[in-house]
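For the sequence shown, our numbering gives the first residue as 188, with consecutive numbering after it.
Report on the following structure.
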Amino acid sequence: MGAGQGGPGPVPAGRVGTVTTRVGIVGFGEAGAAIGAGLAEQGVPVTAYDLRFDGPDGRALRAAADRSGVAVAADIGSLASRAEVVLCLVTSAAAVAVAEALAPQLRPDHLVADLNSTSPELVRRVFDVIRPTGAAFVDVAVMAAVPPHRHRVPMLASGPGAARLATLDIGLQVEVLDGDPGAASAVKLLRSLLIKGLEALLLEFAVAAVPLGGADRVLQSIKGTLPTDWKELADYLLGRTARHGRRRSAELAQVAEMLRDVGVEPWLADAGARRLRWAAEHGLETRFRDRDPGSYQEVVAALRAAAAGADRSTPGAQ
188 MGAGQGGPGP
198 VPAGRVGTVT
208 TRVGIVGFGE
218 AGAAIGAGLA
228 EQGVPVTAYD
238 LRFDGPDGRA
248 LRAAADRSGV
258 AVAADIGSLA
268 SRAEVVLCLV
278 TSAAAVAVAE
288 ALAPQLRPDH
298 LVADLNSTSP
308 ELVRRVFDVI
318 RPTGAAFVDV
328 AVMAAVPPHR
338 HRVPMLASGP
348 GAARLATLDI
358 GLQVEVLDGD
368 PGAASAVKLL
378 RSLLIKGLEA
388 LLLEFAVAAV
398 PLGGADRVLQ
408 SIKGTLPTDW
418 KELADYLLGR
428 TARHGRRRSA
438 ELAQVAEMLR
448 DVGVEPWLAD
458 AGARRLRWAA
468 EHGLETRFRD
478 RDPGSYQEVV
488 AALRAAAAGA
498 DRSTPGAQ
């Protein structure tokens, strides 16, 4: 039986360095799959659970897990029984529900790490669900794109389980931040305000500039003022929009929630969330489901084609 067909039985513990640790991953999306594959490659026993394993994409997701050496749990209880460390990588909308499903399965020796991109207030709600179980909890901010780094992506951790996560000998790159759950997520969302906000700005710029014919000229001209390869940055960030616009829009919405909590009106965060959501509503995630766009111009062309198709399908459109 392959790893992708694993049932609820025990997983033989592997050894990395001098410490044996079994890891469970809730949420086998892009980040969860990349972290799981990196850990499994270096010998850490990894089990994953995702609701989509039983959905239309289940066969492909299970096959991907099998190829990367990650076992598949039948349910969240099975995952908890097969792991000492549980990494949660789900959407902000699902974070509390996942914690509520996980809590009855936890033991005091469990370590639960919340890697979701959520507001500090939402992280504290998740902590309130986990705390009565006696399991250690850690709020984790992922501080770079996961796929290039996999499990070695830089992480910032706060909360009662932060030091334990940092000392696990499984190859994670964890910096401990002094503070309660929510402290790490606040830093993460401040970073998201800059990164996703810039992404939304570049998207709006490109949608306007490509048909006007000045996009590359403008990107080249600002290189001397703000030294970076702006064409390369636009290709990368709009590629992320194309593949994950809905999730990234939701993250900016979490940023807006955090800003309101500290008395800052989130004009730009709200606008950025709307712009990224607009792109997602034009079907980019379906069009680029299996590949990255080749350039930001390809993303703009896809958006214009989708908009033109919507116009043709509207009764009375010319």
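Ideal Cβ placement from N, Cα and C applies to all residues, glycine included.
Can you find the residues in the same chain that come closer than 7 Å, C-beta to C-beta, to residue i, ignoring five residues on each side of it along the sequence?
{"i": "A494", "result": "H469"}
{"i": "S482", "result": "D422"}
{"i": "A286", "result": "V313, V316 and I317"}
{"i": "T305", "result": "S279, A282, S372 and Q441"}
{"i": "V361", "result": "M342, A344, L352 and A353"}
{"i": "D367", "result": "S345 and G346"}
{"i": "V363", "result": "A344, A349, A350 and A353"}
{"i": "L455", "result": "G384"}
{"i": "A146", "result": "Missing from the structure shown is residue 146; the chain here goes from 188 to 505 and no further."}
{"i": "L248", "result": "F215, D237, R239 and F240"}
{"i": "E271", "result": "T208, R209, D296, H297 and L298"}
{"i": "I263", "result": "V213, Y236, A288, L289 and Q292"}
Just how far apart, CA to CA, sit residue i and residue j?
{"i": "G401", "j": "D416", "result": "16 Å"}
{"i": "T234", "j": "A280", "result": "23 Å"}
{"i": "F215", "j": "G225", "result": "13 Å"}
{"i": "L381", "j": "V442", "result": "10 Å"}
{"i": "A250", "j": "D477", "result": "15 Å"}
{"i": "L302", "j": "A350", "result": "15 Å"}
{"i": "V394", "j": "E485", "result": "11 Å"}
{"i": "Q229", "j": "G459", "result": "39 Å"}
{"i": "G245", "j": "K383", "result": "30 Å"}
{"i": "K375", "j": "R239", "result": "27 Å"}
{"i": "E308", "j": "E444", "result": "9 Å"}
{"i": "D365", "j": "L490", "result": "44 Å"}
{"i": "A288", "j": "W465", "result": "32 Å"}
{"i": "P269", "j": "P335", "result": "Before going further, note that residue 269 is Arg rather than Pro in the sequence given. Roughly 27 Å separates the two Cα atoms."}
{"i": "G411", "j": "R337", "result": "33 Å"}
{"i": "D237", "j": "I409", "result": "43 Å"}
{"i": "D448", "j": "R435", "result": "20 Å"}
{"i": "P243", "j": "G450", "result": "43 Å"}
{"i": "R427", "j": "V277", "result": "17 Å"}
{"i": "A200", "j": "P232", "result": "Legend: pLDDT at A200 = 42, less than 50; position of this residue unreliable, value from coordinates given subsequently. Using only the alpha carbons, I get a separation of about 6 Å."}
{"i": "G211", "j": "L377", "result": "28 Å"}
{"i": "G256", "j": "G496", "result": "42 Å"}
{"i": "L266", "j": "A300", "result": "14 Å"}
{"i": "L413", "j": "A261", "result": "50 Å"}
{"i": "A284", "j": "V273", "result": "15 Å"}
So residue i and residue j are in contact, right, with Cβ under 8 Å, and what is the actual spacing, rounded?
{"i": "A328", "j": "S372", "result": "6 Å"}
{"i": "A429", "j": "P480", "result": "5 Å"}
{"i": "L425", "j": "L390", "result": "6 Å"}
{"i": "L137", "j": "L439", "result": "With the chain represented from 188 up to 505, any question about residue 137 goes unanswered, as that position is not in the structure."}
{"i": "A218", "j": "V333", "result": "4 Å"}
{"i": "A467", "j": "G432", "result": "4 Å"}
Mind checking who residue i pairs with in its DSSP beta bridge?
{"i": "D326", "result": "D301 and S345"}
{"i": "V210", "result": "V233 and V272"}
I'd like the list of long-range same chain contacts for residue i, defined as Cβ closer than 8 Å, with 5 residues on each side in sequence excluded.
{"i": "A252", "result": "A190, G191, F215, A220, G223, A235, A258 and V259"}
{"i": "R404", "result": "none"}
{"i": "G321", "result": "L293, R294 and P295"}
{"i": "G358", "result": "V203, G225, L226, Q229, V231, H338 and R339"}
{"i": "E452", "result": "L446"}
So does residue i have its beta carbon nearer than 7 Å to some heavy atom of the ligand HEM?
{"i": "V259", "result": "By its list of ligands, the structure shown contains no ligand whatsoever, and the ligand HEM lies outside what it can speak to."}
Who are the near neighbours of residue i in its chain, counting only those whose CB is closer than 6 Å to its CB and skipping five residues on each side?
{"i": "K418", "result": "L406"}
{"i": "G348", "result": "L298, A323, F324 and V325"}
{"i": "L355", "result": "T208"}
* To do: At 3 residues or longer, and completely inside the stretch 356-403: list those beta strand (DSSP E) runs for me, N to C.
  => 360-363
Fill in: Unbroken stretches of the beta strand (DSSP E), 3 residues or longer, contained in the stretch 257-290
272-275
Q.
If we require 4 or more residues per run, which alpha helix (DSSP H) segments fall completely within the stretch 439-491?
A. 454-468 and 471-474
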